[in-house]
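First up is the structure itself, then whatever we jot down about it.
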Amino acid sequence: MFNKRIKIKELLNTAPQEQQVTVMGWVRTFRNNQFVALNDGSTNNNLQIVLELGKHDEELLKRITTSASLKVTGTLIESLGKGQKVEVKAEAVEILGDSDAEKYPLQPKKHSLEFLREKAHLRFRTNTFSSVFRVRHSLAFATHKFFNDKGFFYLHTPIITASDAEGAGETFRVSTLPFDNPPRAEDGSINYSEDFFGRATNLTVSGQLEGELGATALGEVYTFGPTFRAENSNTARHLAEFWMIEPEMAFCDLEDNANLAEEFIQYIIRYAMEHNADDLEFLRQRLLEEEKSKPQTERNELDLLQKLQLVVDNKFERITYTEAIDILLQSNHYKKKKFQYDVSWGIDMQSEHERYLVEKHFKKPVIVTGYPKEIKAFYMRQNEDGKTVAAMDILAPGIGEIVGGSQREERYDKLVERMKEMHVPVDELWWYLDTRRFGTVPHAGFGLGFERMVQFVTGMGNIRDVIPFPRTPKNAEF
Ligand code: ATP
Ligand code: MN
Numbered sequence: 173m174f175n176k177r178i179k180i181k182e183l184l185n186t187a188p189q190e191q192q193v194t195v196m197g198w199v200r201t202f203r204n205n206q207f208v209a210l211n212d213g214s215t216n217n218n219l220q221i222v223l224e225l226g227k228h229d230e231e232l233l234k235r236i237t238t239s240a241s242l243k244v245t246g247t248l249i250e251s252l253g254k255g256q257k258v259e260v261k262a263e264a265v266e267i268l269g270d271s272d273a274e275k276y277p278l279q280p281k282k283h284s285l286e287f288l289r290e291k292a293h294l295r296f297r298t299n300t301f302s303s304v305f306r307v308r309h310s311l312a313f314a315t316h317k318f319f320n321d322k323g324f325f326y327l328h329t330p331i332i333t334a335s336d337a338e339g340a341g342e343t344f345r346v347s348t349l350p351f352d353n354p355p356r357a358e359d360g361s362i363n364y365s366e367d368f369f370g371r372a373t374n375l376t377v378s379g380q381l382e383g384e385l386g387a388t389a390l391g392e393v394y395t396f397g398p399t400f401r402a403e404n405s406n407t408a409r410h411l412a413e414f415w416m417i418e419p420e421m422a423f424c425d426l427e428d429n430a431n432l433a434e435e436f437i438q439y440i441i442r443y444a445m446e447h448n449a450d451d452l453e454f455l456r457q458r459l460l461e462e463e464k465s466k467p468q469t470e471r472n473e474l475d476l477l478q479k480l481q482l483v484v485d486n487k488f489e490r491i492t493y494t495e496a497i498d499i500l501l502q503s504n505h506y507k508k509k510k511f512q513y514d515v516s517w518g519i520d521m522q523s524e525h526e527r528y529l530v531e532k533h534f535k536k537p538v539i540v541t542g543y544p545k546e547i548k549a550f551y552m553r554q555n556e557d558g559k560t561v562a563a564m565d566i567l568a569p570g571i572g573e574i575v576g577g578s579q580r581e582e583r584y585d586k587l588v589e590r591m592k593e594m595h596v597p598v599d600e601l602w603w604y605l606d607t608r609r610f611g612t613v614p615h616a617g618f619g620l621g622f623e624r625m626v627q628f629v630t631g632m633g634n635i636r637d638v639i640p641f642p643r644t645p646k647n648a649e650f
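Each residue of the sequence shown is one higher than the last, beginning at 173 in this note's numbering.
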């Protein structure tokens, strides 16, 4: 029976009383024909297995190679070696799967993250990636816990939709029509009425519009699912497939919304700090190591754990868009013409601007509210000034935008007027407008890019390294 095994995480916290235990895992290293460092993924700490000299078959010892999988039965004893409290004195060793040391693509040494991206199917077996994915799990679990404890309902919004919530047009088409010879209308355009759904459909870019339908009946809901954007931006912060957390709350204004986002972010970081201390300590060291190769000026003043502590202990800064622009205009950085893109009221801030605000000026997360309506989506509530909307973005050090949200326009006439101005198809969104026709209420919500959050907590610089199987332009190998 396989399930008799004890996970290494548990064993490392067990008092050794010479009890018989069975462990299974993959070999990380094998030293002196005697010491196996075994890892089973439950923790980044390895279990030391001691093979008594002369006790085990020579042929078997040869097969204990990097990444071979083993079943070991033995006694749990106090370890005399450094770095561990317990170890297992092996009585029986069984090779579950051999691993040809000549052919195994990962060496027991440091590999670059770029190299490991090419070996994404095996990178889970490294300390860095196993830590990242355990932290990712904790953040996801904490997300559900946070919202559940607050009485939110997890709403599954559709993956295939006919709407483009952002109106940005960066969608992946979903179709079963033949590529080479699609049915065409008389004017030559593709006739989607013959397509699977009888209309043009795409992968969702956001669950928000459907989330609003849920919130205006269930009160408070959240979605947590994959979203897809065919944006051809090859940056360290954009994926074509990413996961988004989108709470939506009835009876809620922009300030309530900002409060919730702040509480949520602090909660899930705290959760990871409590439950993934070993992983985060490993990632802290990794980052310090990585930063050694950078010039002093580009290194972070705080290490990973200090940064996270600062975020959970302090209120986020709150400023308006207008104040943000003023800060940028007053900065020496601007005066010395160090920004690549110009600054003036009305611009959609570039990431260099956002990063200046959080990294150089405030040195902590910043909630920016009241953006010009021209650069924001049609559904955001218009402010009295006629120029701005009740939008909020949360900017984080090292990441830039991590949250985008708003109070929604609940006034039917104002919403329809704005949709027309922005050429959003009013007829197609009849179901969305019904929420404003029948018992409309003030409501608000936000979208948090889950991978950007994982980046923030793990300190990983590239978004491709915090999702198991990254989808980016020209890349869908694994
Ligand atoms: P950005 O300006 O960084 O492209 P956005 O304004 O397009 O972001 P929203 O449409 O507001 O972002 O989406 C909500 C959140 O989803 C963002 O705050 C961000 O955290 C995340 N996000 C957006 N696009 C991507 C992407 N391509 N890959 C990963 N996360 C993303
Ligand atoms: Mn974008």
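Quick reminder that beta carbons are idealized off the backbone N, C-alpha and C, glycines included. As the structure is a prediction and not an experimental result, all values here were calculated from the model.
Beta-carbon gap between residue i and residue j smaller than 7 Å
{"i": "S302", "j": "G213", "result": "yes"}
{"i": "E581", "j": "L587", "result": "yes"}
{"i": "N211", "j": "R200", "result": "yes"}
{"i": "E461", "j": "G617", "result": "no"}
{"i": "S271", "j": "T237", "result": "yes"}
{"i": "I180", "j": "V193", "result": "no"}
{"i": "I539", "j": "R624", "result": "no"}
{"i": "E250", "j": "P188", "result": "yes"}
{"i": "F325", "j": "V393", "result": "yes"}
Helix, strand or coil at residue i according to DSSP, with G and I counted as helix
{"i": "V588", "result": "helix"}
{"i": "D565", "result": "strand"}
{"i": "I519", "result": "coil"}
{"i": "I331", "result": "coil"}
{"i": "N374", "result": "strand"}
{"i": "G197", "result": "strand"}
{"i": "V613", "result": "coil"}
{"i": "S365", "result": "helix"}
{"i": "M552", "result": "strand"}
{"i": "S310", "result": "helix"}
{"i": "I459", "result": "According to the sequence shown, residue 459 is Leu rather than Ile. L459: helix per DSSP, three-state reduction."}
{"i": "R442", "result": "helix"}
{"i": "K536", "result": "coil"}
{"i": "T399", "result": "strand"}
{"i": "T237", "result": "coil"}
{"i": "A264", "result": "strand"}
{"i": "M416", "result": "strand"}
{"i": "E662", "result": "Nothing in the structure corresponds to residue 662, since the chain is present only between 173 and 650."}
{"i": "V483", "result": "helix"}
{"i": "T245", "result": "strand"}
{"i": "Y276", "result": "coil"}
{"i": "E489", "result": "strand"}
Option nearest residue i by Cα separation, candidates the options
{"i": "D485", "options": "G572, I178 and M445", "result": "M445"}
{"i": "F368", "options": "A312, S405, P354 and L381", "result": "P354"}
{"i": "Q191", "options": "V222, N205, N217 and V260", "result": "V260"}
{"i": "L285", "options": "T541, E263, F344 and I635", "result": "I635"}
{"i": "H293", "options": "F641, K646, N647 and P645", "result": "F641"}
{"i": "R458", "options": "H228, T630 and E230", "result": "T630"}
{"i": "T541", "options": "I566, G558, S523 and K535", "result": "I566"}
{"i": "W603", "options": "S347, S335 and K322", "result": "S335"}
{"i": "S578", "options": "R608, G558, K545 and E589", "result": "K545"}
{"i": "E342", "options": "D359, T373 and S523", "result": "T373"}
{"i": "F202", "options": "L232, T492 and Q478", "result": "L232"}
{"i": "Y364", "options": "R456, V346 and F488", "result": "V346"}
{"i": "Y528", "options": "V613, Q502, P597 and A209", "result": "Q502"}
{"i": "M632", "options": "E524, R456 and F344", "result": "R456"}
{"i": "K510", "options": "I519, E524, Q468 and T492", "result": "E524"}
{"i": "L480", "options": "Q279, Q627 and F396", "result": "Q627"}
{"i": "D440", "options": "D229, A240 and F622", "result": "Reading off the sequence shown, one finds Ile at residue 440, where the question assumed Asp. When only C-alpha atoms are compared, the closest one is F622."}
{"i": "E418", "options": "H410, N404, N406 and I437", "result": "I437"}
{"i": "K227", "options": "Q279, A209 and A262", "result": "A262"}
{"i": "V530", "options": "A568, K234 and E589", "result": "A568"}
{"i": "D520", "options": "H505, A496, K507 and K532", "result": "A496"}
{"i": "L476", "options": "E463, F488, Q468 and T469", "result": "E463"}
{"i": "A273", "options": "R235, C424 and K536", "result": "R235"}
{"i": "V258", "options": "E290, K176, E470 and I221", "result": "I221"}
Distance between beta carbons of residue j and residue i, contact taken as under 8 Å
{"i": "A422", "j": "G391", "result": "5 Å"}
{"i": "R401", "j": "A412", "result": "6 Å"}
{"i": "V304", "j": "V638", "result": "6 Å"}
{"i": "L219", "j": "L183", "result": "6 Å"}
{"i": "V483", "j": "L500", "result": "About 23 Å separates the two Cβ atoms, so there is no contact after all."}
{"i": "V195", "j": "L223", "result": "Actually they do not touch by this definition, with Cβ atoms about 14 Å apart."}
{"i": "N429", "j": "N299", "result": "About 38 Å; that fails the 8 Å criterion."}
{"i": "T388", "j": "M416", "result": "Incorrect: roughly 20 Å between the Cβ atoms, too far for contact."}
{"i": "Y276", "j": "S239", "result": "5 Å"}
{"i": "F550", "j": "M591", "result": "5 Å"}
{"i": "P645", "j": "N404", "result": "5 Å"}
{"i": "N448", "j": "R306", "result": "6 Å"}
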